[in-house]
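A.B. asks: Residue numbers (this note's numbering), protein chains in the order written: chain A, 2 to 221; chain W, 2 to 221.
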């Protein structure tokens, strides 16, 4: 009850929906949860995990510190939950890519958004102090998506677009993950999705990738 | 003069050399510099740039905060100088590698030291808040070393160990840098140098690398 009252002390600050009547079954406390998790994610991106405090999250969410502590055991749990929410919001109906070109186009579109880039860098930068954050991200992103990457690479191999002896695990887990990390660390944040996709295709070319349409001009 | 007196207020805490007479021409203020820079590098590795303060550096170096501020404009300059020192200490006579195997053996030996791994992760994690740190590291490490990497890759291509159409820039700058970043982020810190070298060789195999000695069994 206290939590509900506390949540009412300030605007959730999420959407303009506070003006419209709340639908039944969506309690006030869920609005506070969303406001807190959104504030936590924003601060994680802006300041990083180390510089984010429960106090700042409460202030930005428009709730008291006590409200935050009643819902989350501490900063790490709060940030982990914020990451989970961020991910569930991102394309929940995703069922895979059509082919390799489609996959890299999707990756490039994601990496062309500066906010996504900063979040990914924040996560890789927290390995030593907040290992739970990186683990959460890998769990949410790693499971099904990783299987789709392998499927795309295996299919390309079967189509003759990749060498028959390609190791899809080394390619997917090590080389392509590394290519993403390298792009985040060494390329400017204002590259377009087209430029980023071209970056991935340059790398794939070095791995022997030759799109089926230009197969006649393969490998010298 | 003040700086010299301040430096005398506490032990530099570097080596046991405070007991032995200082050689002529090595002023006390250089000892304080070294103590400050060593403390700064240690704290950068232990806590990260955001959590490191001038006050902590001064305390660990055994000098006053004023001494640190007289020598360095602020935290960023201090950390940049500490990084430069760390790098100059690391194998100043380095003139390149014999071949690719030697190069990856050297990288693996470096990456098998947890302290090196943490420092590299700290640097990649500071892109958004302390871009000068990453820039410094790339300047010191990037220039000559990058040229050596290209030379090794070009030589391997000329020996027939890499495909004739290999792009040594994409391979060196993007794929291999990415492979290092991926290892730092996704592999445990207790892997041996042998295991890490094997990781690089697995990646090189996907890039068509076939060592000259086993050339008869190349590519299926």
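Here a beta-carbon is modelled for each residue, glycine too, at the ideal position from N, C-alpha and C.
Are the CB atoms of residue 198 of chain A and residue 106 of chain A nearer to each other than 8 Å?
C.D. replies: Yes, Cβ-Cβ distance for residue 198 of chain A and residue 106 of chain A is below 8 Å.
A.B. asks: What is the DSSP secondary structure of residue 186 of chain W, reduced to helix, strand or coil?
C.D. replies: The answer is helix: DSSP assigns residue 186 of chain W an H, G or I state.
A.B. asks: In its own chain, which residues sit with a C-beta less than 6 Å from the C-beta of residue 201 of chain W, not counting the 5 before and 5 after it?
C.D. replies: The residues are 105.
A.B. asks: Between the Cα of residue 115 of chain W and the Cα atoms of W:30, W:185, W:147, which residue gives the shortest distance?
C.D. replies: Checking every option, the nearest Cα to that of residue 115 of chain W belongs to W:185.
A.B. asks: Starting from residue 172 of chain A, find everything on chain W with Cβ-Cβ shorter than 8 Å and list it in chain order.
C.D. replies: Per Cβ cutoff of 8 Å: 207.
A.B. asks: I want to know whether the segment 128-147 of chain W touches the segment 77-87 of chain W - three or more CB-CB distances under 8 Å.
C.D. replies: Cβ pair count under 8 Å is three or more, so yes.
A.B. asks: Given that residue 182 of chain A touches chain W, what residues does it touch there, using C-beta distances under 7 Å?
C.D. replies: In chain order: 179, 182, 183, 186.
A.B. asks: Can you confirm whether residue 159 of chain W, when its beta carbon is compared against all beta carbons of chain A, has any partner nearer than 8 Å?
C.D. replies: Cβ-Cβ to chain A under 8 Å: no for residue 159 of chain W.
A.B. asks: Any beta-carbon of chain W closer than 8 Å to the one on residue 57 of chain A?
C.D. replies: No, residue 57 of chain A does not count as interfacial toward chain W.
A.B. asks: Where are the alpha helix (DSSP H) runs, 4 residues long or more, that stay fully inside the segment 73-137 of chain A, in chain order?
C.D. replies: The qualifying runs are 76-90, 101-112, 115-125.
A.B. asks: Given a cut-off of 8 Å, decide if residue 69 of chain W and residue 36 of chain W are closer than it, judged by their beta-carbon atoms.
C.D. replies: Result no, Cβ atoms of residue 36 of chain W and residue 69 of chain W do not sit closer than 8 Å.
A.B. asks: Given 8 Å as the limit, is there contact between the segment 170-190 of chain W and the segment 170-177 of chain A, that is, 3 or more CB pairs closer than that?
C.D. replies: Yes: at least three Cβ pairs fall under 8 Å.
A.B. asks: Taking its Cβ as the centre, do 16 or more other Cβ atoms sit within 10 Å of residue 97 of chain W, making it buried, or is it exposed?
C.D. replies: With fewer than 16 Cβ atoms within 10 Å of its Cβ, residue 97 of chain W is classed as exposed.
A.B. asks: Whose C-beta lies closer than 7 Å to the C-beta of residue 109 of chain A among residues of the same chain, with five residues either side of it excluded?
C.D. replies: Once the five neighbours on either side are set aside, the close Cβ partners of residue 109 of chain A are 194, 197, 198, 201.
A.B. asks: Show which residues of chain W have a CB atom less than 8 Å away from the CB atom of residue 35 of chain A.
C.D. replies: Residues of chain W passing the Cβ test: none, with the nearest at roughly 25 Å.
A.B. asks: Apart from the five residues on each side of it in sequence, which residues of its chain come closer than 8 Å, Cβ to Cβ, to residue 234 of chain W?
C.D. replies: The requested residue 234 of chain W is not part of the displayed model; chain W covers only 2 to 221.
A.B. asks: On the premise that residue 192 of chain W lies in contact with residue 113 of chain W, defined as a C-beta separation below 8 Å, what is that separation, rounded to the nearest angstrom?
C.D. replies: Residue 113 of chain W to residue 192 of chain W, Cβ: 7 Å. Contact.
A.B. asks: For residue 32 of chain W and residue 38 of chain W, I'd like the C-alpha separation in whole angstroms.
C.D. replies: About 10 Å.
A.B. asks: Would you please state the rounded distance, in angstroms, between the beta carbons of residue 204 of chain W and residue 157 of chain W? I believe it to be under 8 Å.
C.D. replies: About 14 Å separates the two Cβ atoms, so there is no contact after all.
A.B. asks: Whose CA, out of W:123, W:119, W:50, W:170, lies closest to the CA of residue 75 of chain W?
C.D. replies: Nearest of W:123, W:119, W:50, W:170 to residue 75 of chain W, Cα basis: W:50.
A.B. asks: Just how far apart, CA to CA, sit residue 152 of chain W and residue 188 of chain W?
C.D. replies: Approximately 28 Å, taken between the alpha carbons.
A.B. asks: Can the beta-carbon of residue 155 of chain W be found closer than 8 Å to that of residue 169 of chain W?
C.D. replies: Against a cut-off of 8 Å, the Cβ pair of residue 169 of chain W and residue 155 of chain W comes out as a contact.
A.B. asks: Does chain A have any CB closer than 8 Å to the CB of residue 128 of chain W?
C.D. replies: It does: the Cβ of residue 128 of chain W has a partner Cβ on chain A nearer than 8 Å.
A.B. asks: Considering residue 195 of chain A, what are the terminal residues of the alpha helix (DSSP H) in which it resides?
C.D. replies: Unbroken alpha helix (DSSP H) run through residue 195 of chain A: 194-207.
A.B. asks: Helix or strand or just coil, what does DSSP make of residue 67 of chain W?
C.D. replies: Residue 67 of chain W: helix per DSSP, three-state reduction.
A.B. asks: Quick one: what's got a C-beta closer than 6 Å to residue 62 of chain W's C-beta in the same chain, skipping five residues either side?
C.D. replies: Cβ neighbours of residue 62 of chain W beyond the five flanking positions: 36, 37, 40.
A.B. asks: Could you give the distance in angstroms between the alpha-carbon of residue 213 of chain A and the alpha-carbon of residue 159 of chain A?
C.D. replies: Approximately 11 Å between the Cα atoms of the pair.
A.B. asks: Given that residue 122 of chain W touches chain A, what residues does it touch there, using C-beta distances under 8 Å?
C.D. replies: Simply 125, 126, 128, 129.
A.B. asks: How far does the alpha helix (DSSP H) with residue 176 of chain W in it extend, from its first residue to its last?
C.D. replies: Segment: none, residue 176 of chain W is in no alpha helix (DSSP H) and carries neither H nor E.
A.B. asks: I want to see whether chain B comes within less than 8 Å of residue 119 of chain W, judged by CB atoms only; does it?
C.D. replies: Considering every chain present, this structure includes no chain B. Its protein chains are A and W.
A.B. asks: Taking Cβ positions only, does residue 203 of chain A come closer than 8 Å to chain W?
C.D. replies: True, the Cβ-Cβ gap to chain W drops below 8 Å.
A.B. asks: Contact check, residue 72 of chain W vs residue 43 of chain W under 8 Å by CB: the rounded distance?
C.D. replies: Between residue 43 of chain W and residue 72 of chain W the Cβ distance is about 17 Å, and since that is not below 8 Å, they are no contact.
A.B. asks: Is residue 61 of chain W helix, strand or coil by DSSP?
C.D. replies: Correct three-state label for residue 61 of chain W: helix.
A.B. asks: State the Cα-Cα distance for the pair residue 45 of chain W and residue 99 of chain A, rounded to the nearest angstrom.
C.D. replies: Distance between the alpha carbons of residue 45 of chain W and residue 99 of chain A: 44 Å.
A.B. asks: Would you say residue 51 of chain W lies against chain A (beta-carbon separation less than 8 Å)?
C.D. replies: Yes - at least one Cβ of chain A is within 8 Å of the one on residue 51 of chain W.
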